[in-house]
Amino acid sequence: MASVPSPRLHRVAVLVLEGAKPLDVGIPAQVFTTRASVPYEVRVCGAAPGLVTGGDGLSYHVADGLDALGWADVVFVPGYRFPDRDDPPPAVVDALVEAHGRGTRLAAISTGAFALAATGLLDGKRATTHWHYTRALAAKHPSVRVDENVLFVDEGSVLTSAGAASGIDLCLHILRGDVGVAASNHAARRLVAAPYRSGGQAQYVPRSVPEPLGERFAATREWALRRLDEPLTLESLARHARVSPRTFSRRFVEDTGYTPMQWVMRARIDVARELLELSERSVEQIADDVGLGTGANLRQHFRRILGTTPIEYRRTFARGE
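Under full-length UniProt numbering, the residue at position 176 of the sequence shown is numbered 176, and the numbers go up by one with no gaps.
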């Protein structure tokens, strides 16, 4: 009786660009290591075969060049240093566009999203990148709908993920779609990783209130930060700044990127985060401390801004003894 041929392995290419971050390169290379439960074949490639200077003191010797993109079913673009300065070489951009045109999925880890954005394939689509670079990505590629809160975005043929560890979330997501939940969960256990992570990357940003730009209204911001447990309104903030509410609101947005009341809410959530990390106060007590009144109110705004709950946040970030 004729033997049944083995199914073709899924093909993954990891495209290493100049300044590539080592963890970003290693994640897809390790997650998709060939084994019975993960039927993939991986090739690590560059703009050309040979030595590629990486970031963080490491370099890579790659056996394949851009022809590997034509071989692959999925191409991963790991994050790299200084993505907001220069675009990848034209040959890399062209190869990514050609691969996508043949039906290859393109997946970026962290700042690899800049390389995908340079192709134009993210125009009009949602995408994400490391939280430190979300504004730079939006500024450099205004046609991309940058979502700064999520761990990854799946737009079908183009996928993007946040900081390095989010590359694991993205790889497990691709595994679930290709070979099923059981294989994905098995891979997660092997990596000692969560099959699903709650919330988005917003919870990992050090502070949700951005650093102030310039000194305009700095005194009013400091005044408000000392009174977050009290009622704060647009009128009271404008009165302290000695301008009209309309003028205050317009200039405040120019300084911070947020309306005054959005800024106040994020400041309250930041203080709540610190109390969840450093104290044993209950959610209800913390809600009162930061001027949100009830635990339900805190939970609502906490999830809206950070994509997770106060309890899940405390479980993740509270300092142990």
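Every residue gets a Cβ at the ideal spot worked out from N, C-alpha and C, and that includes glycine.
Residue nearest to residue i in terms of C-alpha spacing, selected from the options
i, options, result
"G291", "L228, H186, A20, A188", "L228"
"R190", "Q300, F32, I174, V150", "F32"
"T128", "T119, S143, H141, S110", "S110"
"V44", "A113, A36, A219, F76", "F76"
"F114", "A219, H141, S236", "H141"
"A91", "T119, W131, P78, R81", "T119"
"E222", "A193, P260, S244, R246", "P260"
"G307", "V93, L17, L137, R273", "R273"
"V93", "E41, T220, L15", "L15"
"S59", "E284, L17, F217, L278", "L17"
"R207", "A219, I269, A296", "I269"
"R176", "A165, S166, A188", "A188"
"A219", "A241, W131, W71, Y204", "A241"
"Y80", "A72, G103, G55", "G55"
"L122", "G156, R135, H132", "G156"
"V144", "K125, H132, R135", "K125"
"S279", "A318, D24, A164", "A318"
"G200", "E235, T233, F302", "F302"
"N149", "Y133, V158, A139", "Y133"
"W131", "S244, R226, E230, A202", "A202"
"S249", "E230, L225, V271, R216", "R216"
"G101", "A238, V74, D84", "V74"
"P78", "I27, P49, D64, G50", "I27"
"W263", "L234, E284, T247", "L234"
"A138", "Q30, R281, D84, D289", "D84"
"V158", "L106, D255, D86", "L106"
"G167", "T316, A29, V205, Q285", "A29"
"E284", "R266, M265, V205, I311", "I311"
Contacts around residue i, its chain only, beta-carbon distance under 7 angstroms, and the 5 residues preceding and following it disregarded
i, result
"P89", "A47"
"T160", "A108, A113, L116, A127, T128, T129, F152, V153"
"D169", "L151, F152, S161, R197"
"H173", "F152, D154"
"A287", "G293, T294, G295, N297, L298"
"V253", "T259"
"R304", "none"
Neighbourhood of residue i by C-beta distance below 6 angstroms, restricted to the same chain and skipping five residues each side
i, result
"R314", "L276"
"S37", "A183, H186"
"A95", "L66, L69"
"P195", "N185, A188"
"A164", "L23, D24, S110"
Residues that DSSP places opposite residue i in a beta bridge
i, result
"Y60", "V52"
"A72", "Answer is none; A72 lacks a bridge partner."
"V77", "A108"
"A138", "For A138, which the question treats as bridged, DSSP gives no partner whatsoever."
"H10", "Y40"
"L66", "Answer by DSSP bridge pairing: none, since L66 is not bridged."
"A127", "V146"
"R35", "V38"
"L15", "C45"
Other residues of its chain near residue i: CB distance less than 8 angstroms, five sequence neighbours each side excluded
i, result
"L39", "Residue identity differs from the one stated: residue 39 is Pro in this sequence, not Leu. Only P7, L9, H10, V179 meet the Cβ criterion."
"V52", "V16, L17, E18, A20, G46, S59, Y60, H61, V62"
"E321", "Per-residue confidence for E321 stands at a pLDDT of 43, beneath the threshold of 50, marking its modelled position as unreliable; the derived number appears in the next sentence. The answer is none, since no qualifying residue turns up."
"A72", "R11, V12, A13, R43, A99, T104"
"V97", "T119, G120, L121"
"V271", "L228, D289, V290"
"R281", "L275, D289"
"S244", "A238"
"P49", "V62, A63, D64, G65"
Element boundaries [alpha helix (DSSP H), containing residue i]
i, result
"V97", "90-101"
"F302", "295-306"
"D289", "283-289"
"A29", "22-31"
"residue 323", "Outside the displayed span of the chain (1 to 321) sits residue 323, for which this structure offers no information."
Residue-chain proximity (residue i, chain B), Cβ-Cβ < 8 angstroms
i, result
"S161", "In summary, chain B is missing from the structure at hand, where a single protein chain is found."
In chain order, which continuous runs of the beta strand (DSSP E) of length 3 or greater are located wholly inside the stretch 196-274?
Annotation note: the stretch 196-274 contains no uninterrupted beta strand (DSSP E) run of length 3 or greater.
In chain order, which continuous runs of the beta strand (DSSP E) of length 3 or greater are located wholly inside the stretch 142-192?
Listed in chain order, the complete beta strand (DSSP E) runs (minimum 3 residues) inside the stretch 142-192 are 152-154, 158-161.
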